[in-house]
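I have placed the structure first, in the form of structure tokens, so that the comments after it can refer back to it.
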Amino acid sequence: MKLRLKKKNSAKSPKIQKIQEYSNLRLWNHLYSKGDVAQILENSDSSSYATILKILWNKNKDQIPQARIRWFFKPKDIYSNTEMFSQNELFDSNFIQNIDVTAIYGKAKVLSLDEYLSHTEGDNIFFTRAKWNIKTKELKPPVQKWKKVCNCNQIYNPDRDYEKCMKCKRLFHKECIGWKEGIVCGDCEG
Numbered sequence: 705m706k707l708r709l710k711k712k713n714s715a716k717s718p719k720i721q722k723i724q725e726y727s728n729l730r731l732w733n734h735l736y737s738k739g740d741v742a743q744i745l746e747n748s749d750s751s752s753y754a755t756i757l758k759i760l761w762n763k764n765k766d767q768i769p770q771a772r773i774r775w776f777f778k779p780k781d782i783y784s785n786t787e788m789f790s791q792n793e794l795f796d797s798n799f800i801q802n803i804d805v806t807a808i809y810g811k812a813k814v815l816s817l818d819e820y821l822s823h824t825e826g827d828n829i830f831f832t833r834a835k836w837n838i839k840t841k842e843l844k845p846p847v848q849k850w851k852k853v854c855n856c857n858q859i860y861n862p863d864r865d866y867e868k869c870m871k872c873k874r875l876f877h878k879e880c881i882g883w884k885e886g887i888v889c890g891d892c893e894g
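FYI, in our numbering the residues of the sequence shown are 705 to 894.
Set out below in structure tokens:
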């Protein structure tokens with residue numbers, strides 16, 4: 705493993721500082737910086753993601769540099785039934801933790817839902833539309849306030865196929881209404 709750290713420029717620099725903060729880290733041929741989303745090797749899930757908040761290293765001790773991260777949660781981490789969620793959906797959180805930088809093994813992008821819908825295909829591209837509070841065990845905004853589609857009133861999932869009413873532009877699941885393309889919904893017909 706090859707680590708290369710770049711020290712953060714600081715106006716105040718004490719003479720003796722045990723733990724130093726760095727602006728970026730080169731690891732496994734990737735450059736990681738504050739604000740990047742990294743793929744993390746975690747005990748229970750090989751594809752976990754987190755935002756890098758800081759890169760820290762105590763040079764006075766023989767230790768591996770640390771990254772302070774803020775975890776993203778997957779729907780399966782919170783809900784038992786995840787059918788309504790996208791495979792590429794993550795929830796930002798307020799769970800902050802320090803990890804060894806050796807657990808970082810890739811980069812990812814986490815976009816807003818609107819950015820995700822207009823983004824071209826690619827690997828490790830996800831979206832978030834809510835934040836998980838680990839203390840209160842609540843999503844903000846709650847699922848009940850998310851965009852709903854179809855007569856079944858499910859949340860919008862970009863992985864699903866939809867038909868759009870030609871008049872009101874509302875989205876419907878093909879399997880719920882049995883439409884063919886270019887049809888007007890029941891509300892607009894009458």
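Glycine included, every Cβ here is placed at the ideal spot set by N, Cα and C. The structure presented is a predicted model; accordingly, all values stated were derived computationally and were not measured.
Consult DSSP for residue i and reduce its assignment to one of helix, strand or coil.
i              : result
leucine 794    : coil
serine 748     : coil
glutamine 848  : helix
isoleucine 838 : coil
threonine 786  : coil
lysine 763     : coil
glutamate 725  : strand
glycine 810    : strand
glutamate 893  : helix
tyrosine 820   : helix
lysine 868     : strand
lysine 758     : strand
isoleucine 803 : strand
isoleucine 859 : strand
Please return the same chain residues whose Cβ sits closer than 6 Å to the Cβ of residue i, not counting the five positions on each side in sequence.
i           : result
glycine 810 : Gln743
With a CB to CB cut of under 7 Å and the five nearest residues on each side skipped, what residues in its chain are close to residue i?
i              : result
serine 751     : Gln743
histidine 877  : Cys854, Cys856, Arg864 and Tyr866
leucine 817    : Phe831 and Arg833
tryptophan 732 : Tyr809
Measuring only the C-alpha atoms, how far is residue i from residue j?
i              : j                 : result
cysteine 889   : serine 790        : 25 Å
tryptophan 761 : leucine 745       : 20 Å
histidine 823  : isoleucine 768    : 36 Å
valine 805     : histidine 734     : 12 Å
asparagine 837 : phenylalanine 777 : 10 Å
asparagine 861 : glutamate 819     : 14 Å
alanine 812    : aspartate 766     : 30 Å
arginine 774   : lysine 758        : 10 Å
isoleucine 723 : isoleucine 756    : 17 Å
proline 846    : lysine 763        : 44 Å
Can the beta-carbon of residue i be found closer than 8 Å to that of residue j?
i                 : j              : result
cysteine 854      : cysteine 892   : no
arginine 772      : isoleucine 808 : no
asparagine 802    : glutamine 770  : yes
phenylalanine 831 : glutamate 793  : yes
methionine 788    : glutamine 848  : no
Got a sec? Which residues, its chain only, sit under 8 Å from residue i by beta carbon, not counting five neighbours each side?
i          : result
lysine 835 : Phe795, Asp796, Ser797, Asn798, Leu843 and Lys844
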